[in-house]
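Participant: Top to bottom, those sequences are chains A and B.
Each residue of the first sequence is one higher than the last, beginning at 1 in this note's numbering.
Each residue of the second sequence is one higher than the last, beginning at 356 in this note's numbering.
For glycine and all other residues, C-beta sits at the position ideal for the given N, C-alpha and C.
I have a structure I would like to understand better, so I am pasting it below and will then ask my questions one at a time.
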Amino acid sequence: MLSNHPTLEHIFRRAGWYFVTFLVAITINFFLPRLGDANPVDTILAKVSAGLDSASAKAKEEAYLKEFNLVELDATGNVKRDARGKPVRTSLGRQFINYLGMSVRLDLGSSILQHPKRVSEIIKTALPWTLALQLPTIVFGWLLGNLLGALAAYKRGVFDRVLYPLALLASAIPAFCFGMLLVYVLGIRLEWFPAVGGYDDGLTPEVSWAFFQSASYYYVLPFLSVFLIVVGGQAIGMRSMCIYELGSDYVKYAKLLGIKERQILFYMFRNAMLPQLTGLALALGTMTSGALITEMIFSYPGLGMAVLTAIQGSDYPLITGCTLLVTICVLIANFSVDVLIGFLDPRIRAAQLGK
Amino acid sequence: MKLLKTLLGSGSFAFGMGLFLLTLLSALLGPLLLHVDVSTRVGLAYLAPSSSHWLGTDHLGLDMVSLLISGLRSSLYVGFLAGTVATTVGTSIGLYGGYKGGLIDDVLTLSTNLFLVIPSLIVLILLSASIENGRSLTLIALIIGCTTWTWSARAVRAQAVSLRNRDHVALARINGYGTFGIVLFHIMPYLLSYIFMVFILQMATGILCEASLSMLGLGPYDSVSLGKILNEAKTNEALTDGAWWAFAPALVLITTIVFSLYVINTSLEGVFNPRLRK
């Protein structure tokens, strides 16, 4: 049945591939933090029992041990202890299986720093900020960058000579450098825009005009800092792509036929766009990580800030929760681009039909 | 020689290379010409630039010029080491898979693509967070090298595949060269310029990754790096205090290094790929 729907087959194939990638990502997320000398399990225990009297420390410790299935339980559900009263550890394999089960249920455990609070709860408040900052920025930046790049390749001359070095510079400035510069110059020196935070102190996130106004005012600087870099990077890629297309036979032929410039430009744009689309998928990963640092510089209340506070406090459940979520977001974004390519690229259809 | 002439003839290559050599020279000669000391307090916190301390002091009262020079040294060191590791790993996997084809190639491509999609900064964060003690500059550079090789493996593989069926490779095979001989002596020489470009970009990536990690507070414990200077400035309110000298020079240095590397890369692309020339 599938062989009659090449696009559908392509999508299913990719979906399967991304599922495998997801499994690998989860595995990495579990094992990497356990590689080093600062074993999260020990850190969790040390953190939990610090500054508490022994009875409540023990209760809290047991709660964590049970939650992450770090110890053997006896038949009644109590923590098994050895002769010296130390909890008996579960094997790494059992821990992993439990972790897999928790991840699939999207249960990420509870945070250490903000104790009874669930990690998923913290992420739920942070995620909308990150998405609101990154999605429009990356999509619009990508579109504008491609447009400028194509124009620069087609026009050459002064336009190219001004745009190209600027784009190169914009793409070379690390996101955090540009962000710090914006904070200092536009935020602190000139006081045009609020330098740090996501909204006015007195407000609470809600659906209201006042909150929206305040949030969009705070949005300007972080948006700019990511946007210009995306535009620069994409413009450079599109420019060299288009120069390549301009030298190709079909453009020469179209010119000989006397087809209107705008029509040729359109053909060229469409052909150069596909590799750029794949490029977008790949760039998403780097962009997300770049934006994490940007958020941190602007103290923007998104995932980047959550990761930062988690790292500073060795809050392992929160760190791995955030990294897992970012990975999942990147995978979903990549998958969507892949699906889009399946619909747009006639070669994929042709290749699948040809088999 | 002719290649060098063409390279220097292209203005942007000379510009990029000059800029990069300038940073390299100041990193190498800085400690010889100036008194570099990053552990002695020379004054109050955030002293403004003066004739005795050209770029003032940081939040601890350490001399900024000294900090910047040693930061520059660490950043370049990370760049070289991470770039070398990433290029070696990526090129080996790409060349071998691309030439061999078949099942080995499939497995290598699959794993490359896997790690290409999983953001390397995430892997870096997880790894660095787990190594709380002994996170030295060298270790960080090695970790960065081992996580950022993916795209160069992919790029080199594509090039190696196009060379696989060339006549001279077939000839070498008939003459009894083994896989390694062919890859090393009959395929790699054709890709040297390409591999060099990959190395340049991997270096830039390495420097950026180290700075990002340091910004997150996961920097090296044993040395000053440009990212660490920025992190300290940010956490110690240099921005709100208006102490621009505590972060602006480091910003300029990182951007200069990365920008010069990008310029070198694009100008090399122009030289090696005649189509991009006008």
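1) Closest to residue 226 (chain A) by CA distance: which of A:150, A:315 and A:298 is it?
2) What residue does the alpha helix (DSSP H) around residue 14 (chain A) start on, and which one ends it?
3) Check whether the Cβ atoms of residue 242 (chain A) and residue 175 (chain A) sit closer than 7 Å, and answer yes or no.
4) For the segment 117-136 of chain A, which residues have a beta carbon sitting closer than 7 Å to at least one beta carbon of chain B?
5) For residue 355 (chain A) and residue 345 (chain A), I'd like the C-alpha separation in whole angstroms.
6) Could you check whether residue 145 (chain A) and residue 231 (chain A) sit closer than 7 Å to each other, using their CB atoms as the reference points?
7) Would the segment 494-513 of chain B and the segment 549-560 of chain B be scored as touching if the rule is three or more Cβ pairs under 8 Å?
8) Confirm, please, whether the CB-CB distance from residue 26 (chain A) to residue 103 (chain A) is below 7 Å.
9) Exposed or buried, residue 633 (chain B), counting other C-beta atoms within 10 Å across all chains shown (16 or more means buried)?
10) Comparing the C-beta of residue 687 (chain B) with each C-beta of chain A, is any distance below 7 Å?
11) Indicate whether at least one CB of chain B lies closer than 7 Å to the CB of residue 355 (chain A).
12) Would you verify that the beta carbon of residue 703 (chain B) is, or is not, closer than 7 Å to some beta carbon of chain A?
13) Give me the DSSP bridge partner(s) of residue 110 (chain A).
14) Evaluate residue 586 (chain B) with the Cβ neighbour count: other Cβ atoms within 10 Å of its Cβ, from every protein chain shown; 16 or more gives buried, anything less gives exposed.
15) Spell out whether any CB of chain A is found under 7 Å from the CB atom of residue 344 (chain B).
16) Taking residue 597 (chain B) as the query, report the chain A residues whose CB atoms sit under 9 Å from its CB, ordered along the chain.
17) Would you say residue 378 (chain B) and residue 173 (chain A) are within 7 Å of each other, going by their C-beta atoms?
18) If you scan the segment 207-233 of chain A from start to end, which runs of the alpha helix (DSSP H) of 4 or more residues do you find wholly inside it?
19) Just grab the DSSP bridge partners of residue 396 (chain B) for me.
20) Inspect the beta-carbon positions of residue 574 (chain B) and residue 437 (chain B) and report whether they are closer than 7 Å.
21) For a contact meaning CB atoms closer than 9 Å, what does residue 334 (chain A) contact in chain B?
22) Give the interface partners of residue 609 (chain B) over in chain A, defined as CB-CB distance under 7 Å, in chain order.
23) Between residue 622 (chain B) and residue 367 (chain B), is the Cβ-Cβ spacing less than 7 Å?
24) Between the Cα of residue 125 (chain A) and the Cα atoms of A:311, A:316 and A:302, which residue gives the shortest distance?
25) Rounded to whole angstroms, how far is the Cβ of residue 336 (chain A) from the Cβ of residue 236 (chain A), which I believe are closer than 8 Å?
26) Note down, one range per segment and in chain order, each alpha helix (DSSP H) of at least 4 residues found wholly within the segment 494-580 of chain B.
27) Can the beta-carbon of residue 371 (chain B) be found closer than 7 Å to that of residue 615 (chain B)?
28) Out of B:375, B:533, B:588 and B:517, which one is the CA nearest neighbour of residue 298 (chain B)?
29) So which residues of chain A does residue 553 (chain B) contact, with C-beta pairs closer than 8 Å?
30) Verify the CB distance criterion: does residue 445 (chain B) have a CB-CB separation below 7 Å to chain A?
31) Using 8 Å as the threshold, is the segment 589-598 of chain B in touch with the segment 183-200 of chain A, meaning 3 or more CB pairs across them?
32) Classify residue 489 (chain B) as buried or exposed, calling it buried when 16 or more other Cβ atoms lie within 10 Å of its own Cβ.
33) Going by beta-carbon coordinates alone, are residue 315 (chain A) and residue 111 (chain A) separated by less than 7 Å?
34) Please identify the residue among B:360, B:375 and B:364 whose C-alpha is closest to the C-alpha of residue 617 (chain B).
35) Just by C-beta distance, which residues in the segment 305-316 of chain A are closer than 9 Å to chain B?
Facilitator: According to the structure shown:
1) Locating residue 226 (chain A) in the first sequence gives position 226, where the first residue counts as 1. Here the closest residue by C-alpha is A:298.
2) Mapped onto the first sequence, residue 14 (chain A) falls at position 14. Run containing residue 14 (chain A): 6-31, per the alpha helix (DSSP H) assignment.
3) In the first sequence, residue 242 (chain A) corresponds to position 242, counting from 1. In the first sequence, residue 175 (chain A) corresponds to position 175, counting from 1. Contact: no.
4) none
5) As a position in the first sequence, residue 355 (chain A) is number 355, starting the count at 1. As a position in the first sequence, residue 345 (chain A) is number 345, starting the count at 1. Low confidence applies here, because residue 355 (chain A) scores a pLDDT of 46, under 50, leaving its location unreliable and the question unanswered by this model.
6) What you label residue 231 (chain A) is simply residue 231 of the first sequence in a count that begins at 1. What you label residue 145 (chain A) is simply residue 145 of the first sequence in a count that begins at 1. Yes, Cβ-Cβ distance for residue 231 (chain A) and residue 145 (chain A) is below 7 Å.
7) yes
8) Position 103 of the first sequence, counted from the first residue, corresponds to residue 103 (chain A). Position 26 of the first sequence, counted from the first residue, corresponds to residue 26 (chain A). Cβ atoms of residue 103 (chain A) and residue 26 (chain A): closer than 7 Å.
9) Stepping through the second sequence from its first residue, residue 633 (chain B) is reached at position 278. Because residue 633 (chain B) carries a pLDDT of 48, less than 50, the predicted location of this residue cannot be relied on, and no value is offered for it.
10) Residue 687 (chain B) lies beyond the stretch modelled for chain B, which goes from 356 to 633, so this question has no answer here.
11) In the first sequence, residue 355 (chain A) corresponds to position 355, counting from 1. In this prediction, residue 355 (chain A) scores a pLDDT of 46, lower than 50, which makes its location untrustworthy; no coordinate-derived value is stated.
12) With chain B represented from 356 up to 633, any question about residue 703 (chain B) goes unanswered, as that position is not in the structure.
13) Your numbering for residue 110 (chain A) matches position 110 in the first sequence. According to DSSP, residue 110 (chain A) shares a beta bridge with A:118.
14) The residue given as residue 586 (chain B) occupies position 231 in the second sequence. Result: buried.
15) An answer regarding residue 344 (chain B) cannot be provided, because it is not within the stretch 356 to 633 covered by chain B.
16) Locating residue 597 (chain B) in the second sequence gives position 242, counting from the first residue. In chain order: 184, 188 and 189.
17) One-based indexing of the second sequence puts residue 378 (chain B) at position 23. One-based indexing of the first sequence puts residue 173 (chain A) at position 173. Going by C-beta atoms, residue 378 (chain B) is not nearer than 7 Å to residue 173 (chain A).
18) none
19) Looking up residue 396 (chain B) in the second sequence gives position 41. Looking at the DSSP assignment, residue 396 (chain B) forms a beta bridge with B:417.
20) Start at 1 with the first residue of the second sequence, and residue 574 (chain B) comes out as number 219. Start at 1 with the first residue of the second sequence, and residue 437 (chain B) comes out as number 82. Going by C-beta atoms, residue 574 (chain B) is not nearer than 7 Å to residue 437 (chain B).
21) Here the question's residue 334 (chain A) lines up with position 334 in the first sequence. Result: 472.
22) Along the second sequence, one-based indexing puts residue 609 (chain B) at 254. Result: 174 and 177.
23) Residue numbering aside, residue 622 (chain B) sits at position 267 when the second sequence is read from its first letter. Residue numbering aside, residue 367 (chain B) sits at position 12 when the second sequence is read from its first letter. In this structure, residue 367 (chain B) lies closer than 7 Å to residue 622 (chain B) by Cβ.
24) The residue labelled residue 125 (chain A) in the question sits at position 125 within the first sequence. If we check each option's Cα against that of residue 125 (chain A), A:302 comes out closest.
25) To locate residue 336 (chain A), count along the first sequence from 1; it is residue 336. To locate residue 236 (chain A), count along the first sequence from 1; it is residue 236. Not a contact, Cβ separation roughly 24 Å.
26) 505-519, 522-529 and 543-570
27) Sequence index remark: in the second sequence, residue 371 (chain B) carries index 16 (1-based). Sequence index remark: in the second sequence, residue 615 (chain B) carries index 260 (1-based). Cβ atoms of residue 371 (chain B) and residue 615 (chain B): closer than 7 Å.
28) In the structure as shown, chain B begins at 356 and stops at 633. Residue 298 (chain B) is therefore absent and cannot be evaluated.
29) Counting from one through the second sequence, the residue named residue 553 (chain B) turns up at place 198. Neighbours of residue 553 (chain B) on chain A: none; closest Cβ ~15 Å, over 8 Å.
30) What you label residue 445 (chain B) is simply residue 90 of the second sequence in a count that begins at 1. No - not a single Cβ of chain A is within 7 Å of the one on residue 445 (chain B).
31) yes
32) The count along the second sequence starts at 1 and reaches residue 489 (chain B) at position 134. It counts as exposed.
33) For the purposes of this step, residue 315 (chain A) is identified with residue 315 of the first sequence, where counting begins at 1. For the purposes of this step, residue 111 (chain A) is identified with residue 111 of the first sequence, where counting begins at 1. Yes; because the gap between Cβ atoms is below 7 Å, this pair is in contact.
34) Looking up residue 617 (chain B) in the second sequence gives position 262. Taking only the C-alpha atoms, the option nearest residue 617 (chain B) is B:375.
35) 307, 308, 310, 311, 312, 314 and 316
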